[in-house]
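Okay, so here's the structure we're looking at.
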Amino acid sequence: MLLLACALLHLHTFAAPDAAPYSPDSARRVELIRLVRQDCGSCHGLTLKGGLGPALLPETLRDKPAESLVATIMGGRPGTPMPPWNRFVNAQEAAWIVDNLQKGFPGER
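Read in order, the letters of the sequence shown correspond to residues -15 to -1, 1 to 94 in mature numbering (1 follows the signal peptide of the UniProt record, and there is no 0).
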């Protein structure tokens, strides 16, 4: 069942290869950066170097499948403190967050 959910999420999350990648408008971008820095940072460390949750740095996420990370953001990790964030971000925004975490997350500007 989880595999099916991940597959469906993958189909709805990522655009066709020739489509432009999702980019939030400037106001939403600021909100998403703040969410990652403050809300995610409360468990993953304010500098994302780890804490209660693992580090969210490019070197720790580089080899992780983006689809799996998006599924974790959207659905959380049952049995762990990682909650689902699907009430606060949509799948495209979660994919944007993952892409930026894998590159090096931007600062709050």
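We put the beta carbon where it would ideally sit given N, CA and C, even for glycine.
Quick caveat, the model's predicted, so the values are computed rather than measured.
Proximity below 8 Å, CB of residue i to CB of residue j
{"i": "Lys34", "j": "Leu42", "result": "yes"}
{"i": "Phe90", "j": "Leu20", "result": "no"}
{"i": "Glu78", "j": "Pro6", "result": "no"}
Coil, strand or helix - residue i by DSSP
{"i": "Gln20", "result": "It is worth fixing the name first, because residue 20 is Leu in this sequence and not Gln. Reduced to three states, the DSSP call for Leu20 is helix."}
{"i": "Asp84", "result": "helix"}
{"i": "Ala76", "result": "helix"}
{"i": "Leu33", "result": "coil"}
{"i": "Ala40", "result": "coil"}
{"i": "Met59", "result": "helix"}
{"i": "Gly26", "result": "helix"}
{"i": "Thr65", "result": "coil"}
{"i": "Ser8", "result": "coil"}
{"i": "Leu(-7)", "result": "Residue placement at Leu(-7) cannot be trusted, given a pLDDT of 45 that sits under 50; what the coordinates show is reported in the next sentence. Correct three-state label for Leu(-7): helix."}
{"i": "Arg14", "result": "helix"}
Residue burial classification, residue i (beta-carbon count within 10 angstroms, cutoff 16)
{"i": "Glu44", "result": "exposed"}
{"i": "Gln87", "result": "buried"}
{"i": "Gly92", "result": "exposed"}
Residue i versus the options, residue with shortest Cα-Cα distance
{"i": "residue 95", "options": "Leu86, Asn75, Ala56, Arg62", "result": "The structure shown does not extend to residue 95, since the chain spans only -15 to 94, so no value can be given for it."}
{"i": "Met59", "options": "Leu37, Cys25, Trp70", "result": "Trp70"}
{"i": "Cys28", "options": "Met67, Ser11, Gly61", "result": "Met67"}
{"i": "Leu37", "options": "Glu52, Ile82, Asp24", "result": "Asp24"}
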